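S.K.: This is the structure, below, for whatever I ask next.
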Amino acid sequence: MSDSEDKIDFAMVLASSVHDMKNSVGMLLASLEAVIEEMPPTNARQANLFNTLHYESSRINGELIQLLTIYRMNSDFLPVSIDEHYVVDVLEEQVARNSSLMETGNIELELRCDEDLAWYYDLDLVGSVVHNVLVNCVRYTKSRLILSADIEDEFLHIRIQDNGPGYPDTMLRSPTDLVDKADVNDGDTHLGLYFAECIAKMHKQNEHKGYIKLENGGELGGGVFSLFIP
Amino acid sequence: MSQINYQKLSVLVADDFSSFRNTVNGMLLNLGVMHVDMASNGDETIALCEGKSYDVILCDYDLGHGRSGQHVLEELRYKQLINANSLFLMVSAEASRNIVMSAYDCEPNDYLMKPITGRMLEQRINRLLTQRKVFSEVNDALKKEDFDSAMTQLVDMSVATNRYTVMAQKMLGELFLSLGEVNKAEKLYTKALEVRQLDWARLGLARVKQLQGELDTAGQWLDKIVQDNPLYLPAYDVLADNWEKRGDGEQLQSAVEKAVTVSPMSILRQKRLAKVADDNQDVRSALAAMRKTIKLGRLSCHGSSDDAFMFARMAARAVESNVDVPHTVAGEAMEYLHDSQKQNEMSSEQRIQCNLLQGRVHACTGRRDKAQQILNDSFDLSDRGKIQFDTDLDRVGLMLGLNDKEQANELLEKLQRQYSGDQQALQKLDVYLDEPASDANQEVVASINREGIDLYADERYDEALTCFERARKQFPKHAGIHLNIAQALLGKVKAGDYADDLERECSSVFEMVASLVDKKHPQYSRYMRLRRKAVGLKIHIHS
Numbered sequence: 003m004s005d006s007e008d009k010i011d012f013a014m015v016l017a018s019s020v021h022d023m024k025n026s027v028g029m030l031l032a033s034l035e036a037v038i039e040e041m042p043p044t045n046a047r048q049a050n051l052f053n054t055l056h057y058e059s060s061r062i063n064g065e066l067i068q069l070l071t072i073y074r075m076n077s078d079f080l081p082v083s084i085d086e087h088y089v090v091d092v093l094e095e096q097v098a099r100n101s102s103l104m105e106t107g108n109i110e111l112e113l114r115c116d117e118d119l120a121w122y123y124d125l126d127l128v129g130s131v132v133h134n135v136l137v138n139c140v141r142y143t144k145s146r147l148i149l150s151a152d153i154e155d156e157f158l159h160i161r162i163q164d165n166g167p168g169y170p171d172t173m174l175r176s177p178t179d180l181v182d183k184a185d186v187n188d189g190d191t192h193l194g195l196y197f198a199e200c201i202a203k204m205h206k207q208n209e210h211k212g213y214i215k216l217e218n219g220g221e222l223g224g225g226v227f228s229l230f231i232p
Numbered sequence: 048m049s050q051i052n053y054q055k056l057s058v059l060v061a062d063d064f065s066s067f068r069n070t071v072n073g074m075l076l077n078l079g080v081m082h083v084d085m086a087s088n089g090d091e092t093i094a095l096c097e098g099k100s101y102d103v104i105l106c107d108y109d110l111g112h113g114r115s116g117q118h119v120l121e122e123l124r125y126k127q128l129i130n131a132n133s134l135f136l137m138v139s140a141e142a143s144r145n146i147v148m149s150a151y152d153c154e155p156n157d158y159l160m161k162p163i164t165g166r167m168l169e170q171r172i173n174r175l176l177t178q179r180k181v182f183s184e185v186n187d188a189l190k191k192e193d194f195d196s197a198m199t200q201l202v203d204m205s206v207a208t209n210r211y212t213v214m215a216q217k218m219l220g221e222l223f224l225s226l227g228e229v230n231k232a233e234k235l236y237t238k239a240l241e242v243r244q245l246d247w248a249r250l251g252l253a254r255v256k257q258l259q260g261e262l263d264t265a266g267q268w269l270d271k272i273v274q275d276n277p278l279y280l281p282a283y284d285v286l287a288d289n290w291e292k293r294g295d296g297e298q299l300q301s302a303v304e305k306a307v308t309v310s311p312m313s314i315l316r317q318k319r320l321a322k323v324a325d326d327n328q329d330v331r332s333a334l335a336a337m338r339k340t341i342k343l344g345r346l347s348c349h350g351s352s353d354d355a356f357m358f359a360r361m362a363a364r365a366v367e368s369n370v371d372v373p374h375t376v377a378g379e380a381m382e383y384l385h386d387s388q389k390q391n392e393m394s395s396e397q398r399i400q401c402n403l404l405q406g407r408v409h410a411c412t413g414r415r416d417k418a419q420q421i422l423n424d425s426f427d428l429s430d431r432g433k434i435q436f437d438t439d440l441d442r443v444g445l446m447l448g449l450n451d452k453e454q455a456n457e458l459l460e461k462l463q464r465q466y467s468g469d470q471q472a473l474q475k476l477d478v479y480l481d482e483p484a485s486d487a488n489q490e491v492v493a494s495i496n497r498e499g500i501d502l503y504a505d506e507r508y509d510e511a512l513t514c515f516e517r518a519r520k521q522f523p524k525h526a527g528i529h530l531n532i533a534q535a536l537l538g539k540v541k542a543g544d545y546a547d548d549l550e551r552e553c554s555s556v557f558e559m560v561a562s563l564v565d566k567k568h569p570q571y572s573r574y575m576r577l578r579r580k581a582v583g584l585k586i587h588i589h590s
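Listed in order, the protein sequences are those of chains A and B. Count the first sequence with the working numbering and you get residues 3 to 232, in order. Count the second sequence with the working numbering and you get residues 48 to 590, in order.
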């Protein structure tokens, strides 16, 4: 046996400990939501604290899912199962998953999707992209979010709009290039966008490939995240 | 959407964390569910399901030590403790359903990712129960084996445009295939593929081609499917079936090996690999796969004492015939036999088999007296009543392990008479006989021999040898095949292709034949004739 085989595969160790962490954060979130339900905040300060707790643990949860998924993508062990699904199902589920987070943050979330709209995609992967973007928007929006979906030129277009300050210029120019140049001290590695783009790209149909787009403005005058699936 | 009567539902929640169980219980109570049972591990879950049937089972994938949610699901299906109208939801902290599940043998109705919220749970249960309602008549018809009714309903549902269309199409395709309605299945899958190249429809069409006997076409399509989506497990199983149908053992093994790489936790695929490798005389791979099967079988309902027996037979055969395997396999086999005696409930038949196999392993590790004692004891047992064929074969194995050829042959002759009408039994006997007793194997030998003899007649000696070698691999004790090899080797020497290793090969073939035939054997005179020919060609033969 060579030396290299004796060495620990750090990526694998990391992946399996991320897996454990995700379990713990899941428990943390579930207990937190139970606490909020049993003991609703009685003043603004408490509401604020709950909000922070809730938001930060949701964010950790989302990041851990991303890490695991990216690890599997890199080790070619991420099964993609594309089938026809009702779009409203995946959106409703993410709204339900984050409903408590929206409430504690006092954010009004509007869902716009035709009940009969069906498209071809991987349910879990697209679901986790929507989830991450929603959690991220909670941090930046002022008070409103619109989650919508429709078909545009043979692409499913899922859009998340907020009324926050919008995406910074650097991100608008080349959203996913930033992953490589990410400044860890900056506090945001833009891993979420990289993740979203990878998942978009996994969806192919004929010569078309999925992609993401960031804009400012939209109906609410804030950031607009778009996911296009062919 | 909320015409579901929650009060009537019975739900089982299984998770190893009490806080999670309580949280989910609270959510269910909020929905109006009155009957919620809870379990904290796999065994408890199964025990509860044995006593009562639930409408919905929410089972965590990770149940701590012991069996996982997947083991629970496997066992519930295997023991038929859940039916098509109950829902099994696998709860997991994993990011994607397929990651956990692609590794196994059966699938739950749906997956829920932690953390779960009350609203998520409500939405999901609503959706699934509504779907269950929509399909309940179809499921009832299938259960009663009223396939016409199921088919008519599914046809209607699969042409409608709603959220049940795709599921109806998938079910209809499966139904068509299982009923042999190949052309209808072909139409259905082709139509689905007009819209999108979806894996399930591509696989369906490949299965159609397979059933139509177009194995080459089916194979090409299957290769394309796994190339496009290397983690799409069901395609590997069909690919393996395809090679099996084409009679290509090597390719079959490589397809099952790929399936096992993608799904290392699937006990049924490991078992298949062990069997396929064993058939291919690939002892090392067979032992490795059987070892994994035994390990996985400790927690799975598909594990059984027979797995340990199978390992012992393979290991003993390997040691007896000097195959290059680690010398520890005999001890390992003994350990497995011992474990299975301790852990599993065995039938009296299995107990005898286990003893005989222990004897055989003793014999091949030099403890002849112990082995002999076990053999002697087994005679008392067999006097008591009818003994099963497989058990008798293990007695043959033990006799041969003790080098008691006379007794073994006696028993083999008796078995050949006793099972003369049972082709399956005869095929199993063929391994021990000089010449195959079953029709199928006689035909195999005959056809390989015909092919080889034609090649020999054309003086294509190397090709003829390859052909006879293939037959020898399958029937190592067939004197006729050995002599064919000798004849082809002599042909090569005569054609001027002389080499030392050719002489050695020739010599060892004659040695083998000498141990197989005596003066009364029908091949004896041919053996003597070829020997003389060899001597005439100045080939040195030992003994």
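Even for Gly, the Cβ is constructed at its ideal location relative to N, Cα and C. For clarity, every value in this text was computed on a predicted model and none was experimentally measured.
Contact between the stretch 543-558 of chain B and the stretch 578-589 of chain B is defined here as three or more beta-carbon pairs at a separation below 8 Å; is this criterion met?
M.R.: With a cut-off of 8 Å, the stretch 578-589 of chain B and the stretch 543-558 of chain B count as touching, because enough Cβ pairs lie within range.
S.K.: Let me make sure I understand the geometry here. Which of Asn138(A), Gly220(A), Cys200(A) and Glu217(A) has the alpha-carbon closest to that of Lys1(A)?
M.R.: Missing from the structure shown is residue 1(A); chain A here goes from 3 to 232 and no further.
S.K.: Looking at Gly444(B) and Arg360(B), is the spacing between their C-beta atoms short of 8 Å?
M.R.: On the second sequence, residue 360(B) is found 313 positions in, with the first residue counted as 1. On the second sequence, residue 444(B) is found 397 positions in, with the first residue counted as 1. Yes, they are a contact pair.
S.K.: In chain A, which residues lie less than 9 Å from Arg576(B) when you measure between Cβ atoms?
M.R.: Your numbering for residue 576(B) matches position 529 in the second sequence. None at all; the shortest Cβ gap to chain A is about 54 Å.
S.K.: Round the Cβ separation of Glu147(A) and Ile160(A) to the nearest angstrom and send it over; I've been treating them as touching at under 8 Å.
M.R.: Sequence index remark: in the first sequence, residue 147(A) carries index 145 (1-based). Sequence index remark: in the first sequence, residue 160(A) carries index 158 (1-based). With the sequence shown as reference, residue 147(A) is identified as Leu, and Glu is not the correct amino acid for it. About 13 Å separates the two Cβ atoms, so there is no contact after all.
S.K.: According to the neighbour-count rule (16 or more other Cβ atoms, all chains shown, within 10 Å of its Cβ), is Met74(B) buried or exposed?
M.R.: If you number the second sequence from 1, residue 74(B) lands on position 27. Met74(B) comes out buried.
S.K.: Do Gln259(B) and Val307(B) come within 8 Å of each other at the CB atom, strictly closer than that value?
M.R.: Locating residue 307(B) in the second sequence gives position 260, counting from the first residue. Locating residue 259(B) in the second sequence gives position 212, counting from the first residue. Taking 8 Å as the Cβ cut-off, Val307(B) and Gln259(B) do not qualify as a contacting pair.
S.K.: Quick one: which residues of the stretch 336-360 of chain B get their C-beta closer than 7 Å to a C-beta of chain A? List them in chain order.
M.R.: Within the stretch 336-360 of chain B, no residue has a Cβ that lies closer than 7 Å to any Cβ of chain A.
S.K.: Which two residues bound the contiguous alpha helix (DSSP H) that contains Gly129(A)?
M.R.: As a working mapping, residue 129(A) is identified with position 127 in the first sequence. Gly129(A) -> alpha helix (DSSP H) spans Leu125 to Tyr142.
S.K.: What whole-angstrom Cβ distance do Gln170(B) and Ala98(A) have, given they're in contact under 8 Å?
M.R.: Position 123 of the second sequence, counting from 1, holds the residue named residue 170(B). Position 96 of the first sequence, counting from 1, holds the residue named residue 98(A). Yes, Gln170(B) and Ala98(A) are in contact; Cβ-Cβ is about 5 Å, under 8 Å.
S.K.: Determine the direct distance from the alpha carbon of Asp62(B) to that of Ser33(A), and round the result to whole angstroms.
M.R.: Numbered from 1 along the first sequence, position 31 holds the residue referred to as residue 33(A). Numbered from 1 along the second sequence, position 15 holds the residue referred to as residue 62(B). Rounded to whole angstroms, Ser33(A) to Asp62(B) spans 15 Å at the Cα level.
S.K.: Please identify the residue among Leu159(B), Leu240(B), Glu482(B) and Thr177(B) whose C-alpha is closest to the C-alpha of Asn208(A).
M.R.: In the first sequence, residue 208(A) corresponds to position 206, counting from 1. Checked all of Leu159(B), Leu240(B), Glu482(B) and Thr177(B); the closest Cα to Asn208(A) is Leu240(B).
S.K.: Can you give me the Cβ contacts of Phe157(A) inside the same chain, cut-off strictly under 6 Å, excluding the 5 residues immediately before and after it?
M.R.: Taking the first sequence and counting its residues from 1, the one referred to as residue 157(A) is at position 155. Contacts found: Phe230 and Pro232.
S.K.: For Leu407(B), tell me which candidate among Ser301(B), Glu482(B), Ser387(B) and Asp451(B) has the shortest Cα-Cα distance.
M.R.: Position 360 of the second sequence, counting from 1, holds the residue named residue 407(B). A quick correction: the sequence has Arg, not Leu, at residue 407(B). Ranking Ser301(B), Glu482(B), Ser387(B) and Asp451(B) by Cα distance to Arg407(B) puts Asp451(B) first.
S.K.: Less than 6 Å between C-beta atoms, sequence neighbours within five positions excluded: which residues of the same chain meet that for Arg174(B)?
M.R.: Translated into positions along the second sequence, residue 174(B) becomes position 127. For Arg174(B), where only same-chain residues beyond five positions count, there are no Cβ hits under 6 Å.
S.K.: Should Ile10(A) go down as buried or exposed, given a rule of 16 or more other Cβ atoms within 10 Å for buried?
M.R.: For this step, residue 10(A) is matched to residue 8 along the first sequence. The residue in question, Ile10(A), is exposed, as its Cβ has fewer than 16 Cβ neighbours within 10 Å.
S.K.: Between Ala94(B), Gln489(B), Val366(B) and Val138(B), which has its C-alpha nearest Ala410(B)'s C-alpha?
M.R.: Indexing the second sequence from 1 puts residue 410(B) at position 363. If we check each option's Cα against that of Ala410(B), Val366(B) comes out closest.
S.K.: Within 8 Å of any Cβ in chain A, is that where the Cβ of Pro162(B) sits?
M.R.: If you number the second sequence from 1, residue 162(B) lands on position 115. Chain A, which has a Cβ nearer than 8 Å to the Cβ of Pro162(B), makes this yes.
S.K.: Under a three-way DSSP split, which group does Ala120(A) fall into?
M.R.: The residue given as residue 120(A) occupies position 118 in the first sequence. Note: Ala120(A) maps to strand in three-state DSSP.
S.K.: Which bits of chain A does Gln170(B) rub up against, with CB to CB less than 7 Å?
M.R.: As a first step, residue 170(B) is located in the second sequence; it is residue number 123 there, counting from the start. Near Gln170(B) (Cβ distances below 7 Å), the residues of chain A are Glu94, Glu95 and Ala98.
S.K.: Give me the Cα-Cα distance between Gln244(B) and Arg254(B), rounded to the nearest whole angstrom.
M.R.: Mapped onto the second sequence, residue 244(B) falls at position 197. Mapped onto the second sequence, residue 254(B) falls at position 207. Answer to the nearest angstrom: the Cα atoms are 16 Å apart.
S.K.: Taking C-beta pairs closer than 8 Å, name the residues in chain B that Tyr88(A) reaches, listed in chain order.
M.R.: For the purposes of this step, residue 88(A) is taken as residue 86 along the first sequence, with counting starting at 1. Going along chain B in sequence order, the residues near Tyr88(A) (Cβ under 8 Å) are Arg210.
S.K.: Below 7 Å on C-beta distance, what does Phe64(B) contact in chain A?
M.R.: Residue 64(B) sits at position 17 when you count from the first residue of the second sequence. Simply Met29.
S.K.: Hey, quick one: how far does the beta strand (DSSP E) through Ser83(A) stretch, first residue to last?
M.R.: To locate residue 83(A), count along the first sequence from 1; it is residue 81. No beta strand (DSSP E) contains Ser83(A), which DSSP labels as neither H nor E.
S.K.: What residue from Leu95(B), Asp441(B) and Phe436(B) has the CA that sits closest to Cys401(B)'s CA?
M.R.: Indexing the second sequence from 1 puts residue 401(B) at position 354. Cys401(B) has its Cα closest to that of Asp441(B), out of Leu95(B), Asp441(B) and Phe436(B).
S.K.: How far does the beta strand (DSSP E) with Asn72(B) in it reach, from first residue to last?
M.R.: Here residue 72(B) is taken as the residue at index 25 of the second sequence, counted from 1. Note, Asn72(B): premise wrong, no beta strand (DSSP E); alpha helix (DSSP H) at Ser65 to Leu78.
S.K.: Using alpha carbons as the reference points, say which of Arg331(B), Ala336(B), Leu447(B) and Gln397(B) lies closest to Val370(B).
M.R.: Here residue 370(B) corresponds to residue number 323 of the second sequence, with the count starting at 1. Closest by alpha carbon: Arg331(B).
S.K.: Mind checking which residues open and close the beta strand (DSSP E) that includes Glu112(A)?
M.R.: As a first step, residue 112(A) is located in the first sequence; it is residue number 110 there, counting from the start. Unbroken beta strand (DSSP E) run through Glu112(A): Glu110 to Cys115.
S.K.: Taking 7 Å as the cut-off, is the C-beta of Ser225(B) nearer than that to any heavy atom in the ligand PLP?
M.R.: Because no ligand of any kind appears in the structure shown, any question about the ligand PLP cannot be addressed here.
S.K.: Apart from the five residues just before and just after Lys215(A), which ones in its own chain have a Cβ nearer than 6 Å to its Cβ?
M.R.: Indexing the first sequence from 1 puts residue 215(A) at position 213. Within the same chain, Lys215(A) has close Cβ partners Ser228.
S.K.: If you follow the alpha helix (DSSP H) that Leu445(B) is in, where does it begin and where does it stop?
M.R.: On the second sequence, position 398 is the one that residue 445(B) refers to. Residues Phe436 to Gly448.
S.K.: Using a 10 Å radius around the Cβ and a threshold of 16 neighbouring Cβ atoms, would you call Lys675(B) buried or exposed?
M.R.: The shown model of chain B, from 48 to 590, leaves out residue 675(B), and the question about it has no answer.
S.K.: List, in order along the chain, the chain A residues whose C-beta lies closer than 9 Å to that of Arg254(B)?
M.R.: For the purposes of this step, residue 254(B) is identified with residue 207 of the second sequence, where counting begins at 1. Those do not exist, as Arg254(B) stays about 18 Å from chain A at its closest Cβ, beyond 9 Å.
S.K.: Taking C-beta to C-beta, are Tyr101(B) and Ser133(B) nearer than 8 Å?
M.R.: Numbered from its first residue, the second sequence carries residue 101(B) at position 54. Numbered from its first residue, the second sequence carries residue 133(B) at position 86. Cβ atoms of Tyr101(B) and Ser133(B): closer than 8 Å.
S.K.: Indicate whether at least one CB of chain A lies closer than 8 Å to the CB of Arg68(B).
M.R.: Here residue 68(B) refers to the residue found at position 21 when the second sequence is read from its first residue. No, its Cβ sits nowhere closer than 8 Å to a Cβ of chain A.
S.K.: If you run the structure through DSSP and keep just helix, strand and coil, what is Ser139(B)?
M.R.: Walking along the second sequence from the start, residue 139(B) turns up at place 92. Strand.
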